[in-house]
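Residue numbers for the sequence shown follow my numbering, so the first one is 120 and each next one is one higher. No residue lacks a Cβ here, since even glycine has one placed at the ideal position from N, Cα and C. Fair warning: this is a prediction, and the values are worked out from it, not measured in the lab.
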Amino acid sequence: MTSASRLQRVLLVGFMGSGKSSVGRRLAERMGWRFVDFDDAIQRAAGMSIAEIFEREGEPRFRSLEERVARDLLADSRVVLGSGGGWAAAPGRLESVPEGTATFWLKVSPAEAVRRATRHPAKRPLLDRPDALEAASRMLAEREPLYAAARWTVDTERSSVEDVTAGILEILEQDYPEIRVV
Ligand code: S3P
120 MTSASRLQRV LLVGFMGSGK SSVGRRLAER MGWRFVDFDD AIQRAAGMSI AEIFEREGEP
180 RFRSLEERVA RDLLADSRVV LGSGGGWAAA PGRLESVPEG TATFWLKVSP AEAVRRATRH
240 PAKRPLLDRP DALEAASRML AEREPLYAAA RWTVDTERSS VEDVTAGILE ILEQDYPEIR
300 VV
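Set out below in structure tokens:
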């Protein structure tokens with residue numbers, strides 16, 4: 120079965136450390152599209168790091184900035200978007216993406232997520248704590264049903280960036296034969 124509308128953008132969702140940015144960057148390269156990471160766009164808009172926004176202005180302010188930035192980015196075309204881990208965890212987000220958006224949930228376990236995510240603590244204040252694994256397990260359990268609203272799920276646990284990217288491209292080429300990949 121092929122999708123009715125033309126592919127305009129790819130949206131990657133999933134937990135911190137699931138590989139949204141590394142896979143998104145590689146995917147965009149292979150499609151000849153741009154890659155934009157929600158967190159980078161938020162940091163540019165706020166003129167502060169994610170950790171600073173959380174610390175100085177609080178999580179609710181971060182979430183409203185995130186919502187606004189995401190809305191703008193989801194209007195772009197020929198772009199691969201890497202969302203922040205919390206964006207798709209709010210009810211209704213994935214159900215309301217614009218037409219022509221292919222959504223993928225990059226799946227990862229809490230242990231692997233913590234192992235990867237704590238390499239960049241300035242972006243992950245929510246895991247910058249001694250009980251990070253417990254916190255990640257709790258958050259993931261709450262979020263998984265919402266991430267599952269993505270059209271496709273790709274397991275990233277033991278796969279390289281190159282393999283996850285190739286898996287996504289295989290799915291896209293089936294549903295959107297018009298795309299060109301290098
Ligand atoms: C968050 C994930 C982070 C960043 C912020 C909050 C979350 O993005 O937006 O620290 O709530 O899961 P990444 O998923 O890109 O690490």
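Any non-hydrogen atom of ligand 1 within 7 angstroms of residue i CB
i	result
D158	yes
A236	yes
I169	yes
S140	yes
M150	no
L245	yes
E203	Per the sequence presented here, residue 203 reads as Gly, with Glu not at that position. Within the cutoff, so yes.
K242	yes
Residue i, DSSP secondary structure in three states
i	result
G143	helix
W206	helix
F223	strand
G286	helix
V155	strand
L131	strand
V300	coil
V216	coil
M120	In this prediction, M120 scores a pLDDT of 46, lower than 50, which makes its location untrustworthy; the coordinate-derived value is nonetheless stated afterwards. Here M120 sits in coil by DSSP.
L193	coil
L126	coil
M167	coil
Rounded Cβ spacing between residue i and residue j (contact assumed at less than 8 angstroms)
i	j	result
I169	K242	5 angstroms
S137	A232	7 angstroms
E203	F157	Inspection of the sequence shows that residue 203 is occupied by Gly rather than by Glu. Correct: roughly 5 angstroms between the Cβ atoms.
Y295	A207	Actually they are not in contact, since the Cβ atoms of Y295 and A207 sit about 21 angstroms apart, beyond 8 angstroms.
M150	V283	Not confirmed; about 14 angstroms, so no contact.
R128	S215	Not quite, the Cβ-Cβ distance comes to about 14 angstroms (not below 8 angstroms), so this is no contact.
W97	V199	As shown, the chain starts at 120 and ends at 301. That puts residue 97 outside it, with no answer to give.
Residues sharing a beta bridge with residue i, DSSP
i	result
T272	W224
V280	V280 pairs with nothing; no bridge assigned.
E211	A small fix is needed here, since residue 211 is Gly in this sequence, not Glu. Bridge partners of G211: none, in fact.
G201	L131, D156
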